[in-house]
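One structure is given below, encoded as structure tokens.
There are 2 protein chains.
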Amino acid sequence: MARPLGEFEIIEQIKKALPKKAQGVVCGPQDDAAVLETPSGMVMLATCDVLVQGVHFADEALENPWQLGTKAAAVNISDIAAMGGEPAYLLISLGLPSNISPSFIDDLYKGLGQTGARFGASVAGGNISKSPGQLFIDVFCIGFAHPTQVLYRNGAKTGDVVAVSGTPGDSAAGLNFLLNKQTTQLDAAMQRLVRAHQTPEPKVALGRILAQSKVVNAALDISDGIVSDLGHICESSGLGAKIFAEKLPLSHEALTLAGVLNCDAIDWALYGGEDYELLFTTAPKDFGHLKEKVKKELGLELTIIGEMTAENKTVSVVDADGKIRTSKSRGWD
Amino acid sequence: MARPLGEFEIIEQIKKALPKKAQGVVCGPQDDAAVLETPSGMVMLATCDVLVQGVHFADEALENPWQLGTKAAAVNISDIAAMGGEPAYLLISLGLPSNISPSFIDDLYKGLGQTGARFGASVAGGNISKSPGQLFIDVFCIGFAHPTQVLYRNGAKTGDVVAVSGTPGDSAAGLNFLLNKQTTQLDAAMQRLVRAHQTPEPKVALGRILAQSKVVNAALDISDGIVSDLGHICESSGLGAKIFAEKLPLSHEALTLAGVLNCDAIDWALYGGEDYELLFTTAPKDFGHLKEKVKKELGLELTIIGEMTAENKTVSVVDADGKIRTSKSRGWD
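Top line first, the protein sequences correspond to chains A and B. End of the first sequence = 333 in our numbering, gap-free, step of one. End of the second sequence = 1333 in our numbering, gap-free, step of one.
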């Protein structure tokens, strides 16, 4: 793309792309470590997730570094959202091949910084390294929560309903659209699916409501697909789960595209992953109030898609006629 | 090395290598994010640093994963030490090529976990990704400090003495020994140099003493070499600095090896880097007491090697005869 950049040129580029003063950051990227305020009495949530070229994105994605930055920030913020926390800080560790241009760094950090800022997380520092092979963008996110308002995976109870936000499967639909561009036209509907895949929306406000409700027994974000992610809850809680395939809230857009491509939109929701919607369990009696509150305050839909069972660690998908469609974990490994 | 490991096998391997219960970790690697206690009223220090195969270590280093883990933890903990903080948590983001064996993961995490534990930092979580090319070990470290006891880079004053701990240059000497194994015998002296390179010792207790003293004006750890690192202090503080080459506290072992290899041990100290000793500035009147206290409490030597000047952002190295040896930054970029 351009002549190799020196470390200091890269740092200058990054400084230009980020806001001058960030909330809570006593000292930012210019010292050995970022110095950050802590709200007393809170617990700290810390997570990291990497995007590696050739594993999490194709070479062509390098043409849109803003989008890469947006997604790298979003998938980390989503992990804080899934625990009911408020995102606070991002640290970015970059592995850069030699052919990276200043505008690439600029756009990447704009994506990281803008997405962080939208959800209350300041880019507070990081590290830059050469990478002899692929680009990697490793994001470390710190958030805070009240100790009594954290959503864990291990609290699901037998008889809980399993619910999801939004329309899972849209991200996989967007990916399938991109892989089959020649067959379909990019209208507004397809654009929505592509956005769901390329710039997913972490559900921070939803996570806070679920955590504050104190009736949610287990929760996580859908990163690997419903079957695999619900499998994590089953594993942690020592339970099993049933998913009713006909109850999956598939979007009209995903169903349309599945028809054109002769695919099954149910499989996109069950195994596709990268939706970053929240999946949670709660007692049947508590669901109605939650659904109403979330609809009213956030305009988001919650849908019951299954139930927790005593059948140890098995996730079964049941069809409308009661037949078991599948009964093992097939999500992304 | 072996058949490809699945993600869950890798996680199981990691769980086995780490202690069951870690200080302050409310919830560890098993959820979306680690949940960590925060001491109220403290500021949080957060840093990350990566080791990339082919950039920070050679392929042969893969034969000693324990050592790789140790070094990856140490270089991050050193950044917390350089700010006067107490290390608290490590998150590990791994990029793994397909040929990694269970025993590799086990030894790597033992190195990470043991080094963390020695300095008070619990491995609290992380992420595992495939890497199509090189192995990378990305470590995020969180520490805490009293807001009034943080060592920044930007507080140096004209007339301050510049001092270092230990014997910088040993790490570069150790590297040079390894690169020239055939010419020299591995006796106890050479082993000490190799250890300085392969398993450097972060100076956490020293950082705490310097921070608590409230007389240290600027500090950092020597990761890039004295000239380059002192350059960071000059840059941040808007000052210049002089280093007196004959005052550099070179070790007997480094001088011996430099003689054998016909190298200049002064250059190893000035430009070698990776010593992870601390470099700091303080008023001349305050140095004596600090030196005594550190000698008495930690058995470590502090040595004055130069002074801060008003000459904007230039680091000059002066020889014994007063001639300027060099006057620009030549450290690792």
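Glycine is no exception: its CB is placed at the ideal position from the N, C-alpha and C atoms.
- The DSSP assignment places complete alpha helix (DSSP H) segments of no fewer than 4 residues inside the stretch 1044-1104 of chain B at 1065-1081, in order along the chain.
- Within the stretch 156-217 of chain A, the alpha helix (DSSP H) runs of at least 4 residues that lie entirely inside it are, in chain order, 170-179, 188-198 and 204-213.
- Within the stretch 1116-1141 of chain B, A1124, G1125, G1126, N1127, S1129, K1130, S1131, P1132, G1133, Q1134, F1136, D1138, F1140 and C1141 place their CB atoms closer than 8 Å to a CB of chain A, listed in sequence order.
- At a C-beta separation below 8 Å, L36 of chain A has these neighbours in chain B: V1043, M1044, L1045 and A1046.
- Scanning chain B for C-beta atoms nearer than 9 Å to the C-beta of I80 of chain A yields D1032 and A1033, reported in chain order.
- Taking all protein chains in view, the Cβ of H1289 of chain B is surrounded by fewer than 16 other Cβ atoms within 10 Å, so the residue is classified as exposed.
- Judged by their CB atoms, A218 of chain A and G155 of chain A are nearer to each other than the 7 Å cut-off.
- In the structure shown, the three-state DSSP call for F1119 of chain B is coil.
- Listed in chain order, the non-local C-beta contacts of N180 of chain A below 7 Å within the same chain comprise L261, local neighbours out to five positions each way being set aside.
- For D221 of chain A, the chain B residues whose C-beta falls within less than 7 Å of its own C-beta are D1032, listed in chain order.
- Taken atom to atom, the span from the alpha-carbon of E1292 of chain B to that of G1272 of chain B is near 28 Å.
- Assignment of D321 of chain A by DSSP, reduced to helix, strand and coil, places it in the coil class.
- At a cut-off of 7 Å, the C-beta of R1208 of chain B has no neighbouring C-beta in chain A.
- Annotated as distal: A88 of chain A and I137 of chain A, with beta-carbon spacing of 7 Å or more.
- Contact annotation for C1027 of chain B against chain A: V150 and Y152 [CB-CB distance below 8 Å, chain order].
- Between A145 of chain A and E1235 of chain B, the alpha-carbon positions lie close to 37 Å from each other.
- Per DSSP, the continuous beta strand (DSSP E) segment holding D1138 of chain B begins and ends at F1136 to A1145.
- Less than 7 Å divides the Cβ of L1151 of chain B from the Cβ of M1083 of chain B.
- Under the 7 Å criterion on CB atoms, G1095 of chain B is classed as interfacial with respect to chain A.
- Listed along chain B are A1046, T1047, C1048 and F1140, each with a C-beta nearer than 8 Å to that of L91 of chain A.
- One thing to note: K203 of chain A has its Cβ within 7 Å of the Cβ of L278 of chain A.
- For S237 of chain A, no chain B residue has a C-beta closer than 7 Å to its own C-beta; the minimum C-beta separation is roughly 11 Å.
- Of B:A1121, B:G1306, B:E1311 and B:T1303, the smallest CA-CA separation from A1081 of chain B is found for B:A1121.
- Its Cα nearest to that of L1220 of chain B, the residue B:G1231 stands out among B:G1231, B:Q1212 and B:S1213.
- Any Cβ of chain B closer than 7 Å to the Cβ of M83 of chain A would place that residue at the interface, and such an atom is present.
- In this structure, I1266 of chain B lies near L1248 of chain B, with their beta-carbon atoms less than 7 Å apart.
- Pairing W268 of chain A with G174 of chain A gives a Cβ-Cβ distance that is not under 7 Å.
- Straight-line measurement puts the Cα of L1062 of chain B at about 11 Å from the Cα of S1101 of chain B.
- In terms of Cβ geometry, V317 of chain A and R325 of chain A form a close pair [threshold 7 Å].
- Residue state for C27 of chain A is assigned as strand, using DSSP reduced to three classes.
- In the structure shown, V315 of chain A falls within a strand segment according to DSSP collapsed to helix, strand and coil.
- Around the beta carbon of Q1013 of chain B, a 10 Å sphere encloses 16 or more other beta carbons of the protein chains shown; the residue is thus reported as buried.
- Taking a Cβ-Cβ threshold of 9 Å, the residues of chain B close to G143 of chain A are A1033, in chain order.
- With 16 or more neighbouring CB atoms inside 10 Å of its own CB, K71 of chain A falls in the buried class.
- Here P1065 of chain B is buried: its Cβ has 16 or more other Cβ atoms, across all protein chains shown, within 10 Å.
- Interface criterion met: the Cβ of G1054 of chain B is under 7 Å from a Cβ in chain A.
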